[in-house]
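Beneath this line is the structure, given in structure tokens, with notes to follow.
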Amino acid sequence: MNISKISVFQVNLPLHEGSYNWACGKSVKVFDSTVVRIETDEGIIGHGEVCPLGPVYLPAYAEGARAGIQVLAPALLGQDPTQLTKLNRHMDTTLKGHPYVKSALDMACWDILGQATGQPVCNLLGGRYGDDFLLYRAISQEAP
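Just so you know, we're using the numbering used here here: the sequence shown kicks off at -6 and counts up by one.
Below, the structure written as structure tokens:
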């Protein structure tokens, strides 16, 4: 199985609360998300996503993720998406650092591997944790 096409999409994710605010007057109203679609020559399609928390929160930023994916995509065409270690090493030699860029591509390849093996990705990663689990919820840090 080989990667035949990589597509990148920008998706705006408006915040349900209206905005997320934190120290020094920084805030964001929409998360700029990047969705990756990897197609294989066997017709399997995998999806991944990277969504930094705005351009002033982390060193990762959405436009940078899309730019990095554009650098990596040509190098990944023709590669086997189920050979995750080899693929990740190849990404590391093609683009030093920028793990947030590679994360969406890695997720899409895990999706493909799950479909190819008929296994949920959670099984490939060691098994299901349980029937339910606690979720993390961030609360805006701006003073009232």
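A virtual CB, placed ideally from N, CA and C, is assigned to each residue, including glycine.
Who are the near neighbours of residue i in its chain, counting only those whose CB is closer than 8 Å to its CB and skipping five residues on each side?
i      : result
Ser146 : What the structure shows of the chain is the stretch from -6 to 137, and residue 146 is not part of that stretch, so it cannot be assessed.
Arg59  : Val1, Gln3, Thr27
Leu8   : Val21, Lys22, Val23, Phe24
Rank the options by C-alpha distance to the C-alpha of residue i and give the top, closest one.
i      : options                       : result
Leu88  : Gly111, Gln63, Leu51          : Gln63
Met100 : Ala109, Val114, Gly90         : Val114
Gly47  : Glu35, Gln112, Asn14          : Asn14
Asp34  : Pro7, Leu65, Met(-6)          : Met(-6)
Val49  : Leu106, Cys102, Phe24, Leu98  : Phe24
Leu117 : Ser(-3), Glu10, Gly61, Ile105 : Ile105
Pro52  : Tyr129, His9, Met84, Val94    : Val94
Leu98  : Tyr122, Phe126, Gly61, Gly119 : Gly61
Near residue i, what residues of its chain come up, given a Cβ to Cβ distance below 6 Å and the 5 sequence neighbours on each side ignored?
i       : result
Phe2    : Val28
Gly90   : none
Ser12   : Ser20, Lys22
Gln108  : Ile37
Asn(-2) : Checking the displayed sequence, the identity of residue -2 turns out to be Lys instead of Asn. The answer, listed in chain order, is Glu32.
Leu65   : Met84, Thr87, Leu88
Which same chain residues end up closer than 7 Å to residue i when comparing Cβ atoms and leaving out the 5 residues on each side of it in sequence?
i       : result
Cys102  : Ile31, Gly39, Pro74, Leu77, Leu80
Gln112  : none
Ile(-4) : Ile31, Thr33, Leu69, Leu70, Gly71, Gln72, Pro74
Asn5    : Val23, Asp25
So what does residue i bridge to, in DSSP terms?
i     : result
Ser0  : Arg30
Asn81 : Looking at the DSSP assignment, Asn81 forms no beta bridge with any residue, so it has no partner.
Leu8  : DSSP, once it has assigned bridges, lists no residue as partnering Leu8.
Counting Cβ pairs closer than 8 Å, one from the stretch 80 to 87 and one from the stretch 62 to 71, do we hit at least three? Contact between the stretch 80 to 87 and the stretch 62 to 71 is present, because at least three Cβ pairs lie under 8 Å.
Which runs of the beta strand (DSSP E) fall wholly inside the stretch 10 to 54 and span at least 3 residues, in chain order? 13 to 15, 19 to 21, 23 to 33, 38 to 43
Taking only runs of the alpha helix (DSSP H) that begin and end inside the stretch 95 to 119, which ones reach a length of at least 4 residues, in chain order? 114 to 117
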